[in-house]
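Written out as structure tokens, the structure is:
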């Protein structure tokens, strides 16, 4: 869990080093006569990289190292910028000749010398100050006297620490102002090593403590589960012995009469009742040493009454989860205090005891442990404080999690299943995984099912031996650790492994655990990849999702007002602010409970709640009562490897709540240099892997429209609270600066990424006073474009993203050719752009050009000069409606009213663009579309045949003249994964796609818009296709077509839009055993006696994974849709554009018969 500065430094240095070592950089250096300097710089960067890679233990609080790492980062930026500037200029022939002059060589040499000097100085600084471990091999010369002195001072310091710890604990225990029974938990990594018993014993025997309590007992439970009768008799026995030593004679006589009565009881209930009666009028202190399971505590605590005598129970344990839960969750997350400054020893108590803790701190000078950004605990002190959220989340355990709980209990407790099972539960931090599995573990349904049970939190740093010792204790096994496998082999056991953070941890643990039949392991983790690794059965994997709005509101009001109430009726003035708070929490139970608990102690006024909303980011970072939220979420961020941190810190560029397209993000990361080609995998493929890994870790969340597309997530969002962390960290590193309403900058910091919000209304003077554009690598505009956003100082820009920007015209693109470093240019959705300038061909570094959604209908000839172009996205999104010839003609003319009119006799096609001849020169193209092949189609298709790296292709304007040529072209594209084809009128696509298509198996997505009459034979070979969309295909053999589609094994998303089938009076049936992977079904057919089909019928056993069913065109008769109760996984039914006379009652009745109780939505 390294510091952000270190991660960013690694990422930047990796990019600079990769470029410095490239063949292009070597060629540039050779031609400009600076080869020796280039080699020296490269070697120095390699040494720096080695030091940074060895510095993973350095934390944010090491300021000297942090400063040096930032210096490394800055010099790495300079190296990459300078070398790339030389390379880009050298590609321009005129500059190359000019560069050979003596004067220009001198200028280049001077720059390289300065760069070399900077690199050398930064490198020497590390050596000089020995900032990073391993930077100096010279051993320190330490004398024996100094070693002895150090040892003696260490002993004295240890004694002082133990005295302070004892004093602190006595202060907490002896707080006189509190008459309530208080539970205090002491947690340490190892009792024997850290001396907890010594400290506890000293506190227990302290004269001040002995005088405070009439009864004292020190108990070490020897069995798990505990024998309550024997336990209570042991406690009473110790009470008696200790009492006899200090009590007066008359008191001894009274106690002496009660004790024998208790000791002689045999019935557990009678004994517990008499025990409570015994303690009713007495103050007591009980130390429970070595509690290993929360079930033992749950049993014990029922016997100790709160007699308002200031009694105390101290629990010592080696499990932080047990410590936090023993303190009790009813008052929220417990306070926790570090007793030793350099060891793992902590004390927990209820928030009601905060005053006592604070007074102890004030006296002793030790610090409360925090897990905030600037005070992270060292890894050998406390690395699992997030387990404390179990107490915070306790109140949410029965809200919104009933179905998951019941489903897992049923799976775990099923005695008819005679095989070993691993159930994996995953989700983002604070979602309630630990709370849910603990609730399951303690449920009555589970308690009598297994011969042995254990629940363990995986600690950091991971220690397999310690974990196995814990298991050995909980399973009551007394043999050596190595024999636990034999011990469990013939038993039916249940094991909960909470917070597994890597596959290596699982592999280290599971080899000791026998896969005994009927036994079960439940694993919780934050990462989907780990969940998959642990459980190879998809049915045993559960993603714990955010709470829905209804459950979130119930939980919030219950926490704030201590009861469930109707906020709109009782506190209408708070509704708006409550909605804003819940939107920020976005269904995260930890955030809802923590913020609700904070507001419970604040005035119930809209003004107070508005203050919180307006400053919630600062409150989460600075308010001690809310820091738990940030602390837990920070763990997810800190656990990211450095390359994923760079990707995540890129996300604050995008506005809050905005959905970001997967392709947009991946292509931008590749353009920024966050990914590089590895063993034949392209930069974008590597970046796409980063995208999926961030999703797996819940750092990115699928956007609402992608939730059901489990096999093809197309867009994402960042949880608002995670986004706040990203903003904070990116600002620390000067990565992202957002120009927005109310922003200010006292100094022009050197930021790398500039975002311009749609709410900023400043002028050029204000903009230039805030922003230094000389080092900016990306500009993203979300509002109205102003010409001064790009000036002559912008020389290093790699990404210019103007998607959906308003006010942008062709004139603003005249000087875009000067951005010679540009790799990503997006004008998508800029409706006033009609032409691209011919000078665009000068952008030789361009990798992505996205002009979809503009009025451009023809690309300039210079486009073929962009040899590094990977993605060319143009044209309009193919609409799902059926457009006739006349409608298309009229609409097309309107669309191009500001642009050049196509050639006479040429019907405009608003969906595609004309491309020049010579496109075959762009051999690196992976994405091309949408291309209009209606005119000069054969020449264009001849070029396309040579684009063998195409992964995604979209064409329109298909007709009988070019149909066979198109088919010939796509048959040779063996890497094609996505294909979209559009044709209007007749014959349309009929006959164009017939024949053998041997490489069709590579297709993942297929869209066919136009007259087909029958499905091509090769569609039945699409074993990997995930998404398929048909529109206006007018298929006549509907039964055969449905059988073919139903047999596609991986088809997850099927869209049957208007006129997919020939008009006729027939029933469209989904037969049993078909569509095994279907998750999303969209039906755009008119379902009635006069429309496309008479009825739609789902038979038992069809589409077992279908979750979303959407009807997006008119339905007259609800009873035409049959079999909804048979869809076993159905969650949502969406009706769009349904008729006014449509009867909803029948459909609601049918959905009510479905065991899942799907939600009916109307748009």
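Residue numbers (full-length UniProt numbering): 1 to 1163.
The beta-carbon is built from N, C-alpha and C at its ideal position, and this holds for glycine as well.
Put simply, the backbone Cα of residue 504 is about 11 Å away from that of residue 464.
No residue range can be given for residue 1034, since it is assigned to no alpha helix (DSSP H) and is classified by DSSP as neither H nor E. Distance from the CA atom of residue 211 to the CA atom of residue 235, rounded to whole angstroms, is 19 Å. Residue 1128 carries a coil assignment under DSSP once its states are collapsed to helix, strand and coil. Going by beta carbons, residue 567 and residue 431 fall outside the 8 Å limit.
When the Cα atoms are used, residue 719 and residue 469 turn out to be separated by approximately 38 Å. When 777, 524 and 553 are compared, the shortest CA-CA separation from residue 674 is found for 777. Under the 8 Å Cβ criterion, the region 525-532 does not count as touching the region 552-571, having fewer than three qualifying pairs. Secondary structure of residue 927 (DSSP, three-state): strand. Within the region 1020-1075, the complete alpha helix (DSSP H) segments of 4 residues or longer fall at 1038-1046, listed in chain order. Using a Cβ distance threshold of 8 Å, residue 822 and residue 792 do not count as a contacting pair. Assigned with DSSP and collapsed to three states, residue 787 falls in helix. Annotated as distal: residue 861 and residue 924, with beta-carbon spacing of 8 Å or more.
Under the DSSP assignment, residue 217 falls in the beta strand (DSSP E) whose first and last residues are 215-219. It is roughly 23 Å from the alpha-carbon of residue 1111 to the alpha-carbon of residue 1049. Just measuring C-alpha positions, the residue of 987, 1002 and 960 sitting nearest residue 979 is 1002. In the structure shown, residue 777 adopts coil according to DSSP, grouped into three states. In the structure shown, residue 49 adopts helical secondary structure according to DSSP, grouped into three states. The residues 567, 578 and 582, in chain order, have a CB closer than 8 Å to that of residue 553 in the same chain once the five nearest residues on each side in sequence are set aside. By the criterion of at least three beta-carbon pairs nearer than 8 Å, the region 983-991 is in contact with the region 1005-1014.
The beta carbon of residue 799 sits closer than 6 Å to the beta carbons of 668, 671, 778 and 824 from its chain, once the five residues preceding and following it are set aside; these are given in chain order. Here the alpha carbon of residue 313 sits roughly 23 Å from the alpha carbon of residue 438. In the structure shown, residue 510 adopts helical secondary structure according to DSSP, grouped into three states. Rounded to whole angstroms, the separation of the alpha carbons of residue 550 and residue 283 is 46 Å. In the three-state reduction of the DSSP assignment, residue 932 falls in the strand class. Counting other Cβ atoms within 10 Å of its Cβ, residue 602 stays below 16 and is therefore classed as exposed.
In the displayed model, residue 529 falls within a helix according to three-state DSSP.
A straight line joining the alpha-carbon of residue 681 with that of residue 662 spans about 18 Å. Taken through DSSP and simplified to helix, strand or coil, residue 524 comes out as strand. For residue 696, the closest C-alpha among the options 288, 542 and 457 is that of 542.
For residue 185, the secondary structure class from DSSP, reduced to helix, strand or coil, is strand. Remark: C-beta atoms of residue 629 and residue 721 approach each other more closely than 8 Å.
For residue 1111, the enclosing beta strand (DSSP E) covers residues 1108-1111. DSSP, reduced to helix, strand and coil, places residue 806 within a strand of the structure shown. Under a 10 Å Cβ-count criterion, residue 849 is classified as buried, with 16 or more other Cβ atoms of the shown protein chains found around its own Cβ. For residue 556, the enclosing alpha helix (DSSP H) begins and ends at 549-561.
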